[in-house]
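Let me begin by presenting the structure, written as structure tokens, before commenting on it.
Numbering (the working numbering), first residue to last: 18 to 380.
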């Protein structure tokens, strides 16, 4: 991490305290059981996780789990089964450990990207204990979200290190290669990780990297993984082959309304629900309030700018939120109108914007 020994010592104290609070907050989940929503298909009735055999490993690579291509997630369930059979506490413990690992990586990534101690610590604290994340951490079948986030954050940390050394004239290809390997693992954990090439471009822009053919060529191996995993996922997503009941224009307003709902939940996470219903249409039209949500988003961006959040931070934070959210939402016919687990990673962009705003107020 950037900074002297004093900053590193403070970072260790902060992350230690945050991890302790996180463990205390989620300790009760270790006594939870399986639930009837997806857990039977993912774990309880999933015979392929009961033996770590070559045949079952092949099944993970060629068979979808809940319509998604998640071979690494299936492998993680198999490891849990090897350790504790169908003891749900083992699966909940793994989820908690993954969340703790993600929390540490958030501190490292934000500190490496911004070099700002207070901002990185605020983002880390928000990520660790925000109530919305309960959906992803406490639900065994949300394992793919946690696992993919772990490897995506690792890839971003490696890529940030690559960019920092590149700026000093030291092209460390092994860091770029490490980012690619971690990206492959993220995509194998959950296919929504395929958006990483776009995130890398956001990183390039934030660190003022000049556009060039070399910059684009670096992304080709990442893009190839995205295309392959994306095509495999589309083949498995048989639930997407039906007729969409919503017009594309309505899909746009559904998406903007979801964004507004998530923004509200960011600052006022109550009430929370496991499932959110689609809004009812009257006469073929959505509720009129939804048609105002693009204006609400524009006004919020303008307000943040007036409050002094730098343009580069706004672009990075809001673009990160949108890019990482879009594949899970109504634009691609997601099976839920909203789901709090879908913002486990996207909220990082909003935490960053909020942390920079708090830093500005305090200093």
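The C-beta atom is built at its ideal place from N, Cα and C for all residues, glycine as well.
Please classify residue i as buried or exposed, where buried requires at least 16 neighbouring CB atoms within 10 angstroms.
{"i": "residue 48", "result": "exposed"}
{"i": "residue 315", "result": "exposed"}
{"i": "residue 291", "result": "exposed"}
{"i": "residue 80", "result": "exposed"}
{"i": "residue 345", "result": "buried"}
{"i": "residue 54", "result": "exposed"}
{"i": "residue 297", "result": "exposed"}
{"i": "residue 302", "result": "exposed"}
{"i": "residue 69", "result": "exposed"}
{"i": "residue 58", "result": "exposed"}
{"i": "residue 41", "result": "exposed"}
{"i": "residue 229", "result": "exposed"}
{"i": "residue 351", "result": "Note that residue 351 scores a pLDDT of 49, beneath 50, so its modelled location is shaky; the value from the coordinates is reported in the next line. Buried, by the Cβ-count rule."}
{"i": "residue 126", "result": "buried"}
{"i": "residue 71", "result": "exposed"}
{"i": "residue 312", "result": "exposed"}
Identify which residue in the options has its Cα closest to the Cα of residue i.
{"i": "residue 254", "options": "209, 45 and 164", "result": "209"}
{"i": "residue 145", "options": "138, 164, 131 and 120", "result": "120"}
{"i": "residue 436", "options": "167, 195, 165 and 374", "result": "Residue 436 lies beyond the range of the chain shown here (18 to 380); nothing can be said about it."}
{"i": "residue 101", "options": "155, 322, 225 and 67", "result": "67"}
{"i": "residue 361", "options": "303, 251, 170 and 182", "result": "170"}
{"i": "residue 248", "options": "32, 76, 38 and 86", "result": "86"}
{"i": "residue 325", "options": "30, 375, 243 and 295", "result": "375"}
{"i": "residue 181", "options": "229, 156, 323 and 223", "result": "223"}
{"i": "residue 240", "options": "132, 229 and 216", "result": "216"}
{"i": "residue 365", "options": "24, 336 and 379", "result": "336"}
{"i": "residue 173", "options": "147, 149 and 212", "result": "212"}
{"i": "residue 64", "options": "226, 94 and 35", "result": "94"}
{"i": "residue 147", "options": "313, 319, 322 and 283", "result": "283"}
Apart from the five residues on each side of it in sequence, which residues of its chain come closer than 8 Å, Cβ to Cβ, to residue i?
{"i": "residue 110", "result": "47"}
{"i": "residue 347", "result": "Because the pLDDT of residue 347 is 43, which lies under 50, any placement of that residue in the model is unreliable, and the number read from its coordinates should be weighed accordingly. Here the set comprises 263, 268, 271, 272, 275 and 354."}
Counting along the chain, where does the alpha helix (DSSP H) carrying residue i start and finish?
{"i": "residue 236", "result": "230 to 253"}
{"i": "residue 362", "result": "Careful: residue 362 lies outside any alpha helix (DSSP H) and carries neither H nor E."}
{"i": "residue 282", "result": "265 to 284"}
{"i": "residue 66", "result": "Taken as a continuous stretch (DSSP letters only), residue 66 belongs to no alpha helix (DSSP H), as it is neither H nor E."}
{"i": "residue 73", "result": "71 to 79"}
{"i": "residue 287", "result": "It is not in any alpha helix (DSSP H) - residue 287 carries neither H nor E in the DSSP assignment."}
{"i": "residue 137", "result": "134 to 146"}
{"i": "residue 191", "result": "190 to 206"}
{"i": "residue 150", "result": "Looking at the DSSP string, residue 150 is not in any alpha helix (DSSP H), and its letter there is neither H nor E."}
{"i": "residue 97", "result": "88 to 101"}
{"i": "residue 212", "result": "First-last for residue 212: undefined, no H or E at that position."}
Once you ignore the five residues that flank residue i on each side, which residues in its own chain have a CB closer than 6 Å to its CB?
{"i": "residue 358", "result": "152, 153, 159 and 162"}
{"i": "residue 165", "result": "203, 206, 207 and 210"}
{"i": "residue 372", "result": "136, 139 and 140"}
{"i": "residue 107", "result": "97, 100 and 101"}
Could you tell me whether any non-hydrogen atom of the ligand HEM is closer than 6 Å to the CB of residue i?
{"i": "residue 151", "result": "Of ligands this structure carries none, so the ligand HEM is not represented either."}
For residue i, I'd like the list of residues in its chain whose CB is within less than 7 Å of its CB, leaving aside the five on either flank, ordered along the chain.
{"i": "residue 368", "result": "140, 143 and 144"}
{"i": "residue 112", "result": "154, 157, 160 and 163"}
{"i": "residue 235", "result": "193"}
{"i": "residue 26", "result": "none"}
{"i": "residue 246", "result": "86, 204, 208 and 211"}
I'd like to know if the segment 298 to 313 and the segment 323 to 343 are in contact, where contact means that at least 3 CB-CB pairs between them fall below 8 Å. Because the criterion of three Cβ pairs below 8 Å is not met, the segment 298 to 313 and the segment 323 to 343 do not touch.
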